[in-house]
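As structure tokens, the structure follows; a few thoughts come after it.
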Amino acid sequence: MESAIKTIITSFLSSARGGENMSGSSFQKLVKNQLGGLMEDTNSSSAVKEMQNGLDADNDGKVSFQEYLTLIGYLASNMSQRKSEPNQATS
0 MESAIKTIIT
10 SFLSSARGGE
20 NMSGSSFQKL
30 VKNQLGGLME
40 DTNSSSAVKE
50 MQNGLDADND
60 GKVSFQEYLT
70 LIGYLASNMS
80 QRKSEPNQAT
90 S
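With the first letter of the sequence shown counted as 1, position 60 gets the number 59 in numbering that gives the first Met the number 0; the numbers rise by one all the way through.
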């Protein structure tokens, strides 16, 4: 689990270029390159922009680490729910 947490932090810092926030274009690249297997429409600039706007709690046009963690939490929760659902094909 420790390595997973380090990866989450490293991914953010790399995308934010060591800063406190990710720009819109950095967020777009992160979603497209690193989350495409977990999310739909990662190639759609407008869909990713809409997602960014939904995460941007302080409306500064950037994604802070806390806002990024909101996305990671949502993805982890969604993945957990899918894995815990009974297989529909066996019913």
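Yeah, the Cβ is synthetic: ideal placement off N, Cα and C, and Gly gets one too. Since the structure is predicted, the reported quantities are computational estimates derived from the model, not experimental observations.
In terms of Cβ geometry, SER63 and ASN20 form a close pair [threshold 9 Å]. In the structure shown, SER43 falls within a coil segment according to DSSP collapsed to helix, strand and coil. When only Cα atoms are considered, THR69 and LEU54 end up about 7 Å apart.
Our two residues, SER79 and ILE4, have alpha carbons roughly 17 Å apart in a direct line. A direct Cα-Cα distance of roughly 18 Å separates SER24 from ILE8. Using a Cβ distance threshold of 9 Å, PHE11 and TYR73 do not count as a contacting pair. Secondary structure of MET21 (DSSP, three-state): strand.
Secondary structure note for LEU34: it is in no alpha helix (DSSP H), with a DSSP letter that is neither H nor E.
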